[in-house]
Each structure stands twice: as C-alpha cells, then as structure tokens.
Amino acid sequence: MKKIIEKDKQFIAGTYNRQNKIFVKGKGSKLYDEQNNEYLDFSAGIAVNTFGSCDNEFQKAVKKQLSKLQHISNIYYTEPQILLSELICKKTGAKKVFFSNSGAEANECAIKACRKYSFDKYGNDRYEIITLKNSFHGRTMATLTATGQDDYHKYFNPFLKGFSYVEANNIAEMKKAVTSHTAGIMLETIQGEGGILVLNDDFIKAVAVIAKENDILLIIDEVQTGNGRTGKLYSYMNYNLQPDIITTAKGLGGGLPIGATMFFEKTENVLTFGSHGSTFGGNPVICSGAYSILSRIDDDLLKSVTEKGNYIMEKLTSYGAKTFGKGLMIGFTVDNKDNKTIQKECLDNKLVVLTAHDKVRLLPPLNVSYKEIDSALLIIKECINN
Ligand SMILES: *Cc1c(COP(=O)(O)O)cnc(C)c1O
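All residue numbers in the sequence shown are consecutive under numbering that gives the first Met the number 0, ending with 385.
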C-alpha cells in the first residue's frame, strides 16, 4: 500500500486530498481494501454508483455492448444512444438531449445553449447568467465562473464575463439581479458540494416565475441531485415547476462517465448543426449501462429512497445530530465533533462517508438495504457518542 501511495504522489497531479485507503473491489454497498477488509459504502463514488458497485444488470448491459462495438464517431447513428435519449425524454418530458462526458460538460453545454437562445432571439447584448452563492457547477473555465464560491475564483484569471451571483433563498436579491442583459438563471435545488443545503420552496417557485415572465431560461443543475437521489427522478420534480434546461451526470452512468443536457419546449431547437459536439459523448457502451440504470429508477424505487432517507435522518436526529437533505442525499453535523474527524473515525470502523463544507455527507447506493443502513447508523452513533 505504501508503494502505491508513494507512486501516486510521484506521478499523479496533486489535486486530490486523498483518504489513506486503497479500494480494490466492491459489490453493491460493500467495498473491499487490499487486505480484503469489508467496508460499507455510503459514498457511492459521490452519488455515481446508483446501484452500488458491480451491479449485475449494469455489468451485463455494459459487457454486452462492449463485445459488439465500443465506440463509433457521432457522425454515425448508434442505437444505445438513441434508446437512452428516448427513455430520458419519456421519463422527463424533455424534447431533446445532448450527451457529453461529465457534469461540467453538461453545464458547459447548458451555458452555451442558454446564450445561443438569447442571441438568436435578442441579439448580442443579452448573455448574463445568474447563479447562486455557494453553488457548485464544475471545474471548466465557464462552470468555475458559474460556481458562486470565492475560493474557486483564484489563480485562473481572467474568468468569463457575464455571470452574477445571488444569495440562495433571497428572492429580493434575485429580483434586483435581473437586468435587460440576463439570459439565464442556473441553480441546484439542493446545493451538494455547498453542504447539502436545500433551497426553500418559495424561493425556487419565485425564481421560476421571474424566469418565465422575463423569458429568462431556468437551468436546473441535477448533476448530483438527479437520477433518483432525492426521491424523485430529478429533484426539480419535488416542486411544481418546469425548467427550460436540466443537466445531469454523476448517477446517470452508474459508474461510467456520462453527462446529459436536456432541453424542453423553449430550447429544443437551440443547438443546431455545428454549434456543439463531443467525441466521446453518447458512447454506446456507456449509454447501454446508463439505460440499465435509468430504466430501473421507477416509482417503487423512488418511494423507497424517500423512506430510507427519512429513516436515516430520524435516527441521526435522535442521536443529537442536525440533519439536512432529501431522500438519500443527506448531510449532518454534531456539536462535539467536526466532519473530518467523523469521516476518519467512520473509515477506521469500516464505513465510507463523505464531507461537504462543514457537513458529513451520506450518499449511499439507492438500493442500500435496511440491514446495511442499521449497521452504518450504529457506527455513526458510536462515533458521535465518543
Ligand atoms: C459534481 C458536480 C458537478 C461537476 O461534475 P463533474 O462530473 O465532476 O464535472 C457539477 N454540478 C454539480 C451540482 C455537481 O455536484
């Protein structure tokens, strides 16, 4: 293990503050290290492994396509990509989909489409996108600029023009920020990296009204909240509203890289021939895997996600924790221990959890069992009682 870690430090760019652990395999909500120690996985690779590690159906779908055709250029038609887009549209009411490889790319595509929509209709001078303070939208230059956290706005000057930031849940500030240059408003309904902060209903509904009244596009970033995580297929479905664009990634691919930007009525024809593209986007192997994931996120599963999430949050509250989130996107804090200490102690006790800002963050696979949940809760309880 020491050797691998030394080599990692020698050869991998030092962007990650890694935990001192090497995982070599997994099954469902279980992970195994080099000594074959078993861990409970309440991270799912940051909401990526929707049905846990090495899910049978996912593996079957991926392997089948892998032995037929692993890649072909987007200048040809491929069935897995088309089937996945059809399924997405059927389940969401979206009219068209653009496939990319990550959350940042899905948002990049949304930003481009938003600006083009406005350019096509109103000309050159209407391009501004309002995002929220404390948001996270990705690591490319445009999505970093969109990310409303000062910490991310260092080193890489100049950032893009045409972004402004509004405090989450502040309707008055949002109204003030809208100008004749505003083309879009982009937000996460639950700020994930920002610390599992659930936006309030009134704010989201007010933003939707402001957007609609001014022909400003409402872009919902569902990269982390999407694909069943919050107990709805996409988290905006928790509110009675219709976005113009939604973006997703993480859980859609079940562990393989995919991003999707979904266009609704207003925006379906904005991207035209030559205006965007991707070499790998819509790769047939990945789309086959994603299809097997998305087709299983049905009403029964979504109901169970809500129930399991409520169960976990009730238990955590009874241990004295403050809880945040929806479905199986959960954050918590306790008074006597900081989140990094809890994360480390949980790992020492064979439970993998994440952090987000000051919170401990739990993102288990959506099919985690109650037995696994109880085992994890026991570890957390002992950790916060000691
Ligand atoms: C993770 C995340 C992204 C970035 O996704 P990548 O796949 O890392 O590019 C964007 N938005 C939200 C809300 C995220 O949680």
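We put the CB at the ideal spot given by N, CA and C, even for glycine.
Closest Cα partner of residue i within the set the options
i       : options                            : result
Met-261 : Gly-13, Ala-105, Ser-291, Met-0    : Ala-105
Gln-69  : Lys-115, Ile-292, Asn-282, Gly-319 : Asn-282
Gly-102 : Glu-187, Tyr-38, Leu-362           : Glu-187
Ser-72  : Phe-279, Ile-292, Tyr-318          : Phe-279
Ala-248 : Asp-373, Glu-37, Lys-2, Glu-107    : Glu-107
Gln-148 : Glu-33, Thr-130, Asp-32            : Thr-130
Asp-337 : Gly-324, Thr-139, Ile-372, Asn-384 : Asn-384
Thr-229 : Leu-159, Glu-172, Ala-46, Ser-52   : Ala-46
Val-23  : Glu-166, Leu-301, Tyr-38           : Tyr-38
Tyr-233 : Ile-4, Met-328, Ser-66, Gln-34     : Met-328
Leu-65  : Thr-322, Lys-8, Val-284, Ala-145   : Val-284
Leu-200 : Asn-239, Ala-171, Lys-174, Ser-52  : According to the sequence provided, residue 200 is Asp. The question's Leu does not apply to it. Among Asn-239, Ala-171, Lys-174, Ser-52, the Cα nearest to that of Asp-200 is on Asn-239.
Leu-30  : Met-140, Asp-54, Ile-128           : Asp-54
Tyr-126 : Cys-113, Lys-153, Gly-137          : Cys-113
Asn-123 : Ala-93, Ser-179, Gly-92            : Ser-179
Ser-163 : Asp-150, Gly-183, Lys-153          : Gly-183
Glu-56  : Phe-272, Lys-26, Tyr-151, Asn-36   : Lys-26
Distance cut-off 7 Å: residue i Cβ against heavy atoms of ligand 1
i       : result
Glu-192 : yes
Arg-138 : yes
Gly-102 : yes
Glu-187 : yes
Asp-32  : no
Val-222 : yes
Lys-1   : no
Ala-109 : no
Ala-145 : no
Phe-22  : no
Phe-323 : no
Lys-314 : no
Gly-135 : Gly is not the amino acid found at residue 135; the sequence shown has Phe there. Within the cutoff, so yes.
Lys-358 : no
Ala-248 : yes
Asn-106 : yes
Coarse secondary structure for residue i, derived from DSSP in three states
i       : result
Val-352 : coil
Tyr-310 : helix
Lys-67  : coil
Ala-320 : coil
Phe-162 : strand
Lys-24  : strand
Arg-114 : helix
Val-197 : strand
Phe-155 : coil
Ser-101 : coil
Tyr-38  : strand
Met-140 : helix
Ala-248 : coil
Lys-120 : helix
Ser-72  : coil
Gln-190 : strand
Phe-279 : coil
Gly-330 : strand
Met-173 : helix
Asp-357 : coil
Ala-12  : coil
Ser-84  : helix
Met-0   : coil
Leu-240 : coil
Proximity of residue i and residue j at Cβ, strictly below 8 Å
i       : j       : result
Val-367 : Lys-307 : yes
Tyr-290 : Pro-157 : no
Leu-346 : Gln-18  : yes
Gly-330 : Val-304 : no
Gly-258 : Asn-48  : no
Ala-355 : Gly-191 : yes
Lys-95  : Glu-267 : yes
Tyr-235 : Ile-244 : no
Ile-21  : Glu-33  : yes
Lys-231 : Leu-301 : yes
Pro-364 : Ser-28  : yes
Phe-136 : Met-185 : Looking at the sequence itself, residue 136 is His, so the reference to Phe does not match. In this structure, Met-185 lies closer than 8 Å to His-136 by Cβ.
Supposed contact pair residue j and residue i - C-beta distance, whole angstroms, cut 8 Å
i       : j       : result
Cys-286 : Leu-83  : 4 Å
Leu-350 : Ala-375 : 5 Å
Leu-196 : Asn-133 : 7 Å
Asn-348 : Ile-378 : 5 Å
Tyr-369 : Val-269 : Actually they are not in contact, since the Cβ atoms of Tyr-369 and Val-269 sit about 45 Å apart, beyond 8 Å.
Ile-215 : Thr-181 : 5 Å
Ile-341 : Val-359 : 5 Å
Gly-227 : Gly-252 : At roughly 13 Å, the Cβ-Cβ gap does not stay under 8 Å, so Gly-227 and Gly-252 are not in contact.
Leu-86  : Ser-294 : 6 Å
Gly-194 : Asp-357 : 6 Å
Interface flag, residue i vs chain B, CB-CB below 8 Å
i       : result
Tyr-164 : Of the protein chains in the structure, only one exists, and it is not chain B.
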